[in-house]
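72 is the number of the first residue of the sequence shown in my numbering; add one for each residue after it. Even for Gly, the Cβ is constructed at its ideal location relative to N, Cα and C. Notes for the one structure printed next.
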Amino acid sequence: MVYNILDYGAVSDGVHNNAAAIQAAIDACSRTGGRVLIPAGSFLSGSLVLRSNVDLHLENGATLLSSMNPADMIDFSESFEDDNADTGWEGGCFLFAQHERNITISGTGTIDGQGRLSFYDDDSDGGFHEAPLDVRGLRPRMSFLEDVHNLTVKDVCFYDSAYWTLHMAGCRDVLIENLRILNEEAGPNNDGIDPDCCKNVLIRGCIIRGGDDSVVVKTTAPMTRKYGGSENIVISGCIMKSRSCALKIGTETWGDIHHITLSDCILEDCTRGIGIWSRDGGQIHDISIHHVSGNTRRYADCISRNTGVHYWWGKGDPIFLSATKRENVTRIPGKISRVFFDHVRVMCEGSIVIAGEKESPIEDVSLEQVHFVWKRQGPHLPDCIDERPSVRGCYLRELPCIYIREGKNIEIQGQLLVEGDMKKYIKNEIIRE
């Protein structure tokens, strides 16, 4: 059955809060199963609760707008006792589901998070307009979907999220297909897709552009206590543009993360290509990256007038593996092991970093049939290694093509080429410590 939101009193003026009308259609549809239709037009709404057996379908020309009004947003932060300041549970969310089954979000319409109401440029990075924008006011997630079994999100355009776009926590049997995630390219924390303690996830054919990470596999503290680790996640055929990291694992690593595959993807002007952060004790292993190409570059830093130093994590690193402690904690990070790269071709500005510690070495890493070219792409010099967030932070040092610290069984087969004036800054192929 089809439940048209117009039949429940929705008004297409982009001003009226249609949450009650759309929620009534969702609730009615859940009783029988079927499709909630958002027709062409602009529909403003507060938070919506998605139910089992419902396909929320946005037809071509439909726009579902987040009201960005704190009074309209579901605040779920009180449900969690978080142990990790990286996550940020405050701010609520626009689309919400918890303990449901058989949910679909589909159609070729647009879900607009109106992040532009939160972001602004204070023009403090010397005119480059590359550093993270300043923020103000409410910044809700575009979605928070917890413990949903059999979840499908396909064909939709997610536009201008103020915070994480598609946060899936404890979800099982997930298909994410043919999405366009088009966020502000200098927006902090506007991640694309965040599988958090999820299992059996397929992400394919998506275009993901934004300021923060494109796909972030993680295990946050409260979700790990409920659902365990993240495993069996495949990302393929995607185009990713990020001023942070294209594929990121971590930093939240309270549970184990394993059997993650990235293949046949393009990296477009990313600060980092592939990044793995071990910080919180979970073991990370059996990660496969193959047939990936693109470029990584360094973006501008700035001193914000209002909130201090603003900069993206990373300095043009094509690959970044780091197992080290967070600042001001005694917790030992888990090991990173069995990470395999093949047929990876990247033009880059920063070093390949494989950096463990004595108590948490990085083991069994293979780079086969890889091709990396160090070429100047912007005005910012390669001069440091950035391990934030960690006790080591960001530090100046001589940069090699590959920096290895406390790494065991690291195999490298491929080409490392340094071109033009980058030879002034990258003078060694490999430095081991």
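State the DSSP-derived secondary structure class of residue i, mapped to helix, strand or coil.
i, result
"Cys100", "helix"
"Gly132", "coil"
"Gln354", "coil"
"Lys289", "strand"
"Ile93", "helix"
"Ser123", "coil"
"Ala371", "coil"
"Gly491", "helix"
"Ala142", "helix"
"Leu188", "helix"
"Leu118", "Correcting the residue identity first, residue 118 is Ser in this sequence and not Leu. Coil."
"Ser137", "strand"
Per the DSSP calculation, residue i is bridged to which residue(s)?
i, result
"Lys312", "Arg280, Glu339"
"Pro471", "Asn499"
"Ala426", "Ser393, Arg476"
"Gly365", "Leu338, Val417"
"His238", "Phe215, Asp265"
"Ile109", "Leu129"
"Ile306", "Ile274, Leu333"
"Lys406", "Partner(s): none; Lys406 has no beta bridge."
Within the continuous beta strand (DSSP E) that includes residue i, where are the two ends?
i, result
"Tyr74", "73-75"
"Pro266", "264-267"
"Tyr230", "228-230"
"Val82", "Taken as a continuous stretch (DSSP letters only), Val82 belongs to no beta strand (DSSP E), as it is neither H nor E."
"Phe391", "388-394"
"Gln169", "164-178"
"Asn271", "270-275"
"Gln440", "433-445"
"Glu161", "No beta strand (DSSP E) holds Glu161; DSSP gives it neither H nor E."
"Arg251", "251-253"
"Thr181", "181-183"
What span of residues does the alpha helix (DSSP H) with residue i cover, start to end?
i, result
"Pro293", "292-298"
What is the rounded straight-line gap between the Cα of residue i and the Cα of residue j?
i, j, result
"Gly421", "Ser113", "43 Å"
"Glu458", "Leu318", "16 Å"
"Thr158", "Thr291", "7 Å"
"Ile502", "Ile473", "6 Å"
"Glu255", "Arg187", "8 Å"
"Asp351", "Thr324", "5 Å"
"His362", "His128", "34 Å"
"Val287", "Asp262", "8 Å"
"Gly505", "Tyr298", "The question about residue 505 has no answer, for the chain in this structure spans 72 to 504."
"Glu439", "Phe412", "6 Å"
"Arg172", "Cys242", "10 Å"
"Glu504", "Glu428", "10 Å"
"Ile407", "Ser285", "21 Å"
"Cys419", "Gly163", "37 Å"
"Ile279", "Gly132", "20 Å"
"Leu209", "Ile109", "26 Å"
"Ser138", "Val82", "14 Å"
Can you give the beta carbon distance from residue i to residue j, rounded, assuming they're within the 8 Å contact cut?
i, j, result
"Asp388", "Arg314", "Not really, about 13 Å apart at Cβ, beyond 8 Å."
"Leu135", "Asp183", "7 Å"
"Leu216", "Leu246", "Wrong, their Cβ atoms sit about 13 Å apart, outside the cutoff."
"Asp193", "Asp205", "5 Å"
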